[in-house]
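When the count follows the numbering used here, it moves up by one through the sequence shown with no breaks and lands on 225 for the last residue.
Notes for the one structure printed next.
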Amino acid sequence: MKKMLRVMAPVLAAVMLAVWLLSGVIYLTGTSAPLLTALMRHFSPPEISLLPESEYAPLGRMTADYLAGRTEVFQHVFEVDDVVYEAFQPHEQAHMDDVQGLFRLCLTVNLCALALMIPCGVYALRDVARRRIMKRSVLVIMGLIVLLALAACLFFEELFILFHRIAFTNELWILHPETDLLIRLMPTGFFMTFAGLIGGAWLVLMGLAALALHQRKDNRHDLH
């Protein structure tokens, strides 16, 4: 039993580290108003979105606040030539309500992963052999994610559709550029870039964790 614990605890610590970092990166990037605004401007300039340039920043802030639960209603109201417009239709709002639920789940997963990672990590770091297992587990997880990322690059649209079919219990995510501003603001390129930023940040953080595990000295070992 003890031998199994010596192996499983470091492996679990590495898995929870990966989950904690990934869920944290997803949550922080998805609720970053400057990032959302920049990506919307890049992939959907005014000639495509039909939205005034001045409305991108407040719309990005509203989206970030909504996903973080800081505002209750997903809607942006703006005025052009004394005419007041509401940016999003009810079915777009309903879809974003589902997306907000995923972000709440992401935050819950993040906290649960942290709660499991701390005791397993402390146990793993107290012994050279256990720390080595944790480091190798981190590297294996990184390798698997890199392979998954390569597959995602080749089959992004197929995997993107599969994700939506798994994550949502309705078809509100099927939007039309001709009538729905939400999909014009966030086309496929938006999500590809978003996924790339998340994956890149996660790999860097995991790499730093592996480096820290590799360089950390065991004080008791150094004394001998």
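We treat Cβ as the ideally placed atom computed from N, Cα and C, and that holds for glycine.
If you're wondering where the values come from, they're calculated on a predicted model, not measured in any experiment.
{"Check": "Nearest candidate by alpha-carbon position, reference E159, set L183, T189, H177 and L148", "Outcome": "T189"}
{"Check": "7 Å Cβ cutoff met for A95 and L173", "Outcome": "yes"}
{"Check": "Validate contact between the segment 176-191 and the segment 24-44 using beta carbons, cut 8 Å, 3 pairs", "Outcome": "yes"}
{"Check": "Inter-residue Cα distance where the pair is L6 and V20", "Outcome": "20 Å"}
{"Check": "Sub-7 Å separation of G200 and A168 beta-carbons", "Outcome": "no"}
{"Check": "Spatially closest choice to L183 from L126, V100, V205 and A10, by CA coordinates", "Outcome": "V100"}
{"Check": "Inter-stretch contact (C-beta, 8 Å, three-pair minimum) for the segment 29-43 and the segment 54-69", "Outcome": "yes"}
{"Check": "Buried or exposed by the 16-neighbour rule on C-beta atoms within 10 Å, applied to I134", "Outcome": "buried"}
{"Check": "Limits of the unbroken alpha helix (DSSP H) element including E1", "Outcome": "The structure shown does not extend to residue 1, since the chain is modelled only from 2 through 225, so no value can be given for it."}
{"Check": "Near the ligand ADP: L60 beta-carbon under 6 Å from a heavy atom", "Outcome": "As presented, the structure is devoid of all ligands, the ligand ADP included, so that no description of it is given."}
{"Check": "C-alpha gap between S138 and L117, whole angstroms", "Outcome": "16 Å"}
{"Check": "For V8, three-class secondary structure by DSSP", "Outcome": "helix"}
{"Check": "F104 in three-state terms, based on DSSP", "Outcome": "helix"}
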